[in-house]
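K.L.:
Below you will find the structure I want to go over with you.
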Amino acid sequence: MQLLTRYRNLTVLLALIFAQLLLLAYQVRTNEDVRLIRVWAVTAVTPLARLLEGLRSAVTGFFESYVLLHNAVEENRRLRAELGRLKLENQFLKTELATAERAQALAVFQQRNPSRTLAARVIGAGVGATSRVVFVDRGSAHGVMRGMAVITPDGIVGKVVTVFPTAAQVQLVTDPTFAAGVVSEKHRVRGALKGQGHGACRVDYIQAEEKVEVGEWFYTSGDDRVFPRGLPVGMVTAVRDGNPFKEVFVAPSGLQGGLEEVLIVLEGVHLELPPSGGVNTPIHLLPPPPGSDASAVPRGPATDADRLLERYRAIGEAQGHRFGEGAPGAKPPDFNLDPSTLAKPAGSPSAQAAAPARTPSLPGSQQGTAPPSAPPPAARPAQVKP
Numbered sequence: 002m003q004l005l006t007r008y009r010n011l012t013v014l015l016a017l018i019f020a021q022l023l024l025l026a027y028q029v030r031t032n033e034d035v036r037l038i039r040v041w042a043v044t045a046v047t048p049l050a051r052l053l054e055g056l057r058s059a060v061t062g063f064f065e066s067y068v069l070l071h072n073a074v075e076e077n078r079r080l081r082a083e084l085g086r087l088k089l090e091n092q093f094l095k096t097e098l099a100t101a102e103r104a105q106a107l108a109v110f111q112q113r114n115p116s117r118t119l120a121a122r123v124i125g126a127g128v129g130a131t132s133r134v135v136f137v138d139r140g141s142a143h144g145v146m147r148g149m150a151v152i153t154p155d156g157i158v159g160k161v162v163t164v165f166p167t168a169a170q171v172q173l174v175t176d177p178t179f180a181a182g183v184v185s186e187k188h189r190v191r192g193a194l195k196g197q198g199h200g201a202c203r204v205d206y207i208q209a210e211e212k213v214e215v216g217e218w219f220y221t222s223g224d225d226r227v228f229p230r231g232l233p234v235g236m237v238t239a240v241r242d243g244n245p246f247k248e249v250f251v252a253p254s255g256l257q258g259g260l261e262e263v264l265i266v267l268e269g270v271h272l273e274l275p276p277s278g279g280v281n282t283p284i285h286l287l288p289p290p291p292g293s294d295a296s297a298v299p300r301g302p303a304t305d306a307d308r309l310l311e312r313y314r315a316i317g318e319a320q321g322h323r324f325g326e327g328a329p330g331a332k333p334p335d336f337n338l339d340p341s342t343l344a345k346p347a348g349s350p351s352a353q354a355a356a357p358a359r360t361p362s363l364p365g366s367q368q369g370t371a372p373p374s375a376p377p378p379a380a381r382p383a384q385v386k387p
């Protein structure tokens, strides 16, 4: 204040000059017909306005981003919960569909199998690391008895060892104390199926000279009086030679797909075993060549058995013997004779096939007549000793 009082004249002069400039700026217009004072005012205020607007935009964007991010987190959490619920629902529907398919398969198997069976569901497993038993929801109240067979459409599962009123304990085929009579598909080799405590089973008591192939199926033989004959047991996975018995390992087919539903055989009916040659597969044969007899069946090279059969047949025909028609106690033919030295009877098929229909003519002989044969030697008279 003292400064203004001291330089009052100068201050008044500067105020008058500034007011004059304002008046001039207010009166003067630019080329764009804008007052100069307005241009100055806008130019002076623009940097401050830009700074304030940038600050406002930053603050507003921060709060908006925070709110939007918070909403995105909530939306992500909600979508994850929905996805988990849909996954559980999908898994539940898949399980229900698989259960329905297994139930339908069991129903179809029950209709086609002549044995009377009872469907049961596995509700638990035995305790212990080496336990090979399961519990099913059928017991004595449903007609289940100890010793009944437990099967699936794929093969045998085990047998009932303990019965409760509403449940039963089933011993699986993999249990070390399990045993069942089995027979092979191709060569009809019989043995005893025994559990090993793990996924594979073993067939014991197969002689070393008997033939068992890898990939061959074993079926129940019915000798154990537990499983009906003809049920699939499993496929051979390994065969080892031993003395005096072979080591044959089988993968049980009834346990391959897991255990959910099983069938308890209440009244078993024995089935026929599959053909020993396995499943019959169609064979493609070409048509016969043109001009050949389609009914002719080609024969392979003759074996020693075929030649021996022809020899015995020729000896029997030469001695007038008909195989299978001799009376009890009739004298059999002498098979030690040479069939080439024996005369065949005129009525035998071999003699008719061997006799020529017409003898070719020879020089010096009549047409159509056979050449004279040499007369048979005279019979030597029997000498009688005095």
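Last residue of the sequence shown: number 387 in the numbering used here, and the count goes up by one each step with no gaps.
We treat Cβ as the ideally placed atom computed from N, Cα and C, and that holds for glycine.
These figures come from a predicted structure and were not determined experimentally.
#1: Taking Cβ positions, are residue 265 and residue 121 nearer each other than 8 Å?
#2: The beta strand (DSSP E) spanning residue 159 covers which residue range?
#3: Checking the sheet assignment: what are the DSSP bridge partners for residue 118?
#4: Helix, strand or coil: which one does DSSP assign to residue 313?
#5: Suppose you measure from the CA of residue 62 to the CA of residue 85; what does that come to, to the nearest Å?
#6: Near residue 203, which residues of its chain fall below 6 Å by C-beta distance, leaving aside the five closest residues on each side in sequence?
#7: What are the partner residues of residue 205, as DSSP defines its beta bridges?
#8: Have a look at residue 159 and residue 333 and give me their C-alpha separation to the nearest angstrom.
#9: Let me check understanding here. Comparing Cα to Cα, which of 232, 259 and 307 lies closest to residue 272?
#10: Which of helix, strand or coil does DSSP assign to residue 340?
#11: Would DSSP call residue 385 helix, strand or coil?
#12: Using the rule of at least 16 other Cβ atoms within 10 Å of the residue's Cβ for burial, across every protein chain shown, is residue 148 buried or exposed?
#13: Should residue 140 and residue 165 be called a contact, given that it needs their Cβ atoms to be closer than 8 Å?
#14: Taking the alpha carbon of residue 388 as the reference point, which residue from 17, 245, 68 and 218 has its own alpha carbon closest?
#15: From which residue to which residue does the beta strand (DSSP E) around residue 182 run?
#16: Less than 8 Å between the beta carbons of residue 175 and residue 253, yes or no?
#17: Report the residue from 89, 181, 127 and 88 whose alpha carbon sits nearest the alpha carbon of residue 163.
#18: What is the rounded straight-line gap between the Cα of residue 173 and the Cα of residue 201?
#19: What does the alpha-carbon distance come out to for the pair residue 235 and residue 124?
#20: Checking 8 Å against the spacing of the C-beta atoms, do residue 228 and residue 157 come in under that value?
#21: How about residue 181 and residue 225: do their beta carbons lie closer than 8 Å?
#22: Provide the residue span of the beta strand (DSSP E) that contains residue 173, from first to last.
#23: At a cut-off of 7 Å, is residue 256 close to the ligand NAP when judged by its beta-carbon and the heavy atoms of the ligand?
#24: If you reduce the DSSP assignment to three classes, tell me which class residue 228 lands in.
P.N.:
For this structure:
#1: yes
#2: 156 to 164
#3: 266
#4: helix
#5: 34 Å
#6: 195, 197 and 250
#7: 193
#8: 57 Å
#9: 232
#10: helix
#11: Caution applies to residue 385, whose pLDDT of 38 falls short of 50 and renders its modelled position unreliable; the value that the coordinates give is listed next. Coil.
#12: exposed
#13: yes
#14: Here the chain comprises residues numbered 2 to 387, so residue 388 is not present and cannot be evaluated.
#15: 180 to 185
#16: yes
#17: 127
#18: 12 Å
#19: 25 Å
#20: yes
#21: yes
#22: 169 to 173
#23: In the structure shown, the ligand NAP is absent, as is every other ligand, since no ligand is present at all.
#24: coil
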